[in-house]
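Have a look at the structure below before the remarks.
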Amino acid sequence: MKYTAQFYDINEKLYTLEIGSGEVQNITLSATPFITELETSDSHLYKPCKYSSATIGMITDDYKFDLYSSTAQQNKVVLSSASGIVWVGYVTPNLYSQGYENELEEIEVEAIDALSTLQYYKYTTIGGKKDIVSFTQIINHLLSKCNAYSSFYISDNTQLNATSDFCLPSKMYISEQNFFDEDDEPMTMQEVLEEVCKYLNVTAVADGDKVYFLDYDAIKNGINTYYRFTLGTETPTKVTLQQSKEIEASDYVENGGQLSLDNVYNKVTVKDSLYSFDSIIPSIWDEKYLTNYGGSWSYVQEVNEDGKGGMHKCFFKYLKHKNYTCYYYDKNTLNMVLEPMVFNYGTSQNLVGATICKAFFEKTDNFNKKYNDINFTDYVLLHIHNTYDGQLRPMFELAVNDSNVSFIGGSTYLIIKGNFLFMDREGEMYIMQGYSNKNDDFNPDNLYIDCKLKYGNMYWNGIQWTTTDSTFKLYFDNQGQTDHCINRSFPVKNNITWDMGLEGEGYAIPMPSTNEVIIGKPTFTLYHPHKVDNSYRCDAVWLSNFDIQAKVQNFQKEADKDSDTEYSNIINEDFVNEMDSEEFAICTWDNKECNYSAVCYSANGTSFTYLDNVYNKATKQMYRLEEHLIYRLVTQYSTPSAILNLNLQNKFKVYATMTDNHLPNKKFIVDSIITDYRLGKQEIRLIEKK
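So in my numbering, spot 166 of the sequence shown is number 166, and the numbers just go up one at a time.
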């Protein structure tokens, strides 16, 4: 049902109200038909988003149960005039009550602006999978979810430098992974919008069917140019939005003005809450991505083997992973075959390929032994079967996966870790306990597996990054031994030295030493192993503890290495109030650790650098955006600011600046507004902008 009504304000301006959709039914409005309230700032002026609510008064002789909304956007509310949409939102979900006494009841229907409904929606990716996206793409995506707005406006106050003149947020990029936690649970769309605004140092306010991203420093300093985006587009037009007014007697509609002073603070702090990561590949052993070939997760295949190494009890869980591809080949023709529908011990004996498994082995003299507990070890098994013809065949590959889209650059290293163990007994796809050949006299230079590491459009060739498709040799450390190699665990050969600013061991690959960062998703491929020496095959290779980590060179003190970056300024230690610290989930790169929170700049959408200092036209300062907020807060709250609460005519915009001749040399910006549309009145809260 669509409920409609019209009313005039005291100046004979006609408004039309529509609630819901469908068959039209006229309703009778009360003496106070429509009031909206734009919320005030909280602890400080620079609130990332300000939302509004509406109260609709109506007279009814029945029950409007269909005004009850069980979903966020069930019943749309639109107030319009001859000039267009004045306010748009939705009936507040899960809220309905009315009197139950009289034949005619006056009821109040509560509504929230469309921007507020974002609190009820989880963030969804823009292109169906996580990617690197621009700030304006994010804003477009979020506002489209509101199903209410036609355009948005972004202040042009923040620029890349003092001479640039373009919409910087269109060229600022971040990974959408930043909006999903480690369990892949997303933020709400409202939280994402607020984090975007917080980082940009702007305040989002909806007015009619438009959303304004206001920069109060720009407004105060007469910088009134904005980039206007039609919703759903990425090409803006530049416009001027300005309303400057000296408050006069004719602007008042009633008495009741009030003057007060705002808080001052002794200290302001901005903290970057970094969403850090070290592993750049999805964990092979994250159970939410694994399924058991046996059907049930608890399914275990029990195998009795009696080979050269003696009697062995073997237990296997053969698994497949949604983010990894295991390749399989016919052992006679070496032609690639489809992944088997069923996988068991016999499959590993008869197909060349790779399989993820959990396994337990024990030498025994009794196959009937019962086990109370089995301690599985995690492996990637390469079952090879002595097939060596000099060709490289992929065995195991990290598929392109949307959960690890990130920027990698700066002084970052990729570090490959893991252990390599091989057996040379044909058809025996288990690890014999206590078995080895002595006096092998093998060549440790042959202890490697060919690999491919691709990141973005770059390949590591063992020496440097290149755009040419390349492979490299991943060597394993013989640990000074050459007497035997079969059934012995060899770690990845370490090349990390004390002066690299890295901890631990592994094969460290430096990222390109340029200002650019690599974007995209890593692809890692393990190829067909080869003979370690002429006489020894690799019939079964067992890889354990395998991982690729991303580590930033760090020469800081231990206590500072893992801490989030903080920006702070002490205003006056004698002041009693300390402002609550502001936490940024979108951050400037600080060269501490790899993270999804860092922002990059790209002029063309293909070449990226970490964003650092940017220019504020109002203050003429070059700082990081976190530092710009500190500067704004210090300027605003070092001394008390005047606050005016006035009852004025309904004609002032959210981006207005006002002066009052009784308070000379002070310029005020609009903080909050309560609008009574029947009376044509705004209860407006003005804050002196320093």
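By construction, the Cβ of each residue, glycine as well, lies at the ideal position given by its N, Cα and C atoms. This one's a predicted model, so the numbers in the text were calculated from it and none came from an experiment.
Discussion item. Can you list, in chain order, the residues of its chain with a C-beta nearer than 6 Å to that of K76? Leave out the 5 residues immediately preceding and following it.
Written reply: Y90
Worksheet item: So, is I10 buried or exposed, given that buried needs 16 or more other C-beta atoms within 10 angstroms?
Response: exposed
Worksheet entry | Nonlocal neighbours in the same chain, by C-beta distance under 6 Å from A618, ignoring five residues either side | N157, D217, A218, N221 and I223
Worksheet item: According to the Cβ coordinates, are T467 and C451 closer than 8 Å?
Response: no
Worksheet item: Looking at C-alpha atoms only, which residue of L633, K493 and S348 is the closest neighbour of Y430?
Response: S348
Item to complete: Can you give me the Cβ contacts of F166 inside the same chain, cut-off strictly under 6 Å, excluding the 5 residues immediately before and after it?
Response: none
Worksheet item: Run through DSSP, which three-state label would K358 get?
Response: strand
Practice prompt. Specify the secondary structure class of T412 as computed by DSSP and reduced to three states.
Written response: strand
Worksheet item: Under a Cβ-count criterion, where at least 16 other Cβ atoms within 10 Å of its own Cβ denotes burial, should P640 be classed as buried or exposed?
Response: exposed
Discussion item. With a threshold of 7 Å on Cβ separation, who are the neighbours of V78 within its own chain once the five nearest residues in sequence on each side are excluded?
Written reply: E18, I85 and V88
Worksheet item: Do the CB positions of I669 and I687 come within less than 8 Å of each other?
Response: yes
Worksheet item: Quick one: complete beta strand (DSSP E) runs, 3+ long, within the region 261-348?
Response: 267-272, 290-292, 301-307, 310-321, 324-326 and 328-330
Worksheet item: Mind checking W465: buried by the 16 CB within 10 Å criterion, or exposed?
Response: buried
Item to complete: With DSSP as the reference, please indicate the residues paired to Y615 in a beta bridge.
Response: Q159 and M622
Item to complete: Have a look at the DSSP bridge pairing and note the partners of Y553.
Response: Looking at the sequence provided, one finds Gln at residue 553 rather than Tyr. BP columns for Q553 are empty, so no partner.
Discussion item. Using a Cβ distance threshold of 8 Å, determine whether the region 44-55 contacts the region 107-114, with at least three qualifying pairs required.
Written reply: yes
Worksheet item: Taking 8 Å as the CB-CB cut-off, is Y345 touching chain B?
Response: Absent from the structure is chain B; it holds one protein chain and no more.
Fill in: Selection from D539, E573 and T606 that minimises the alpha carbon distance to A354
D539
Worksheet item: Would you call the region 616-634 and the region 231-251 touching, i.e. three or more CB-CB distances under 8 Å?
Response: no
Item to complete: If I'm right that C594 touches S276 with Cβ under 8 Å, what's the distance once you round it to whole angstroms?
Response: 6 Å
Worksheet item: Which residues in the same chain as K271 place their Cβ atom closer than 6 Å to its Cβ, once the five residues preceding and following it in sequence are excluded?
Response: D564, E566, S581 and E583
Item to complete: Quick one: give me the first and last residue of the alpha helix (DSSP H) that K145 is part of.
Response: F135 to C146
Worksheet item: If we call anything under 8 Å between Cβ atoms a contact, is T16 one with Q25?
Response: no
Practice prompt. Measure the Cβ-Cβ separation of L382 and S489 and say whether it is below 8 Å.
Written response: no
Item to complete: Can you have a look at L646 and say buried or exposed, based on whether 16 or more other CB atoms are within 10 angstroms of its CB?
Response: buried
Item to complete: Give the straight-line distance between the Cα atoms of D424 and K454, rounded to the nearest whole angstrom.
Response: 31 Å
Worksheet item: From which residue to which residue does the beta strand (DSSP E) around A508 run?
Response: Y507 to P510
Worksheet entry | Terminal residues of the beta strand (DSSP E) in which K238 lies | T237 to T240
Item to complete: Give the straight-line distance between the Cα atoms of A598 and M658, rounded to the nearest whole angstrom.
Response: 38 Å
Item to complete: Per DSSP, which residues does L351 bridge with? Please list them.
Response: D330
Discussion item. Could you tell me the alpha carbon to alpha carbon distance between N591 and N255, rounded to whole angstroms?
Written reply: 56 Å
Practice prompt. Counting only the same chain and skipping the five closest in sequence on each side, list residues whose C-beta sits under 8 Å from that of I570.
Written response: N266 and K267
Worksheet entry | Those residues which DSSP pairs with R228 across a bridge | Y153 and T237
Worksheet item: What did DSSP end up calling A218 once you bin it into helix, strand or coil?
Response: helix
Item to complete: Please determine, among R228, V541, P522 and I415, the residue with the shortest C-alpha to C-alpha distance to E503.
Response: I415
Worksheet entry | Coarse secondary structure for C197, derived from DSSP in three states | helix
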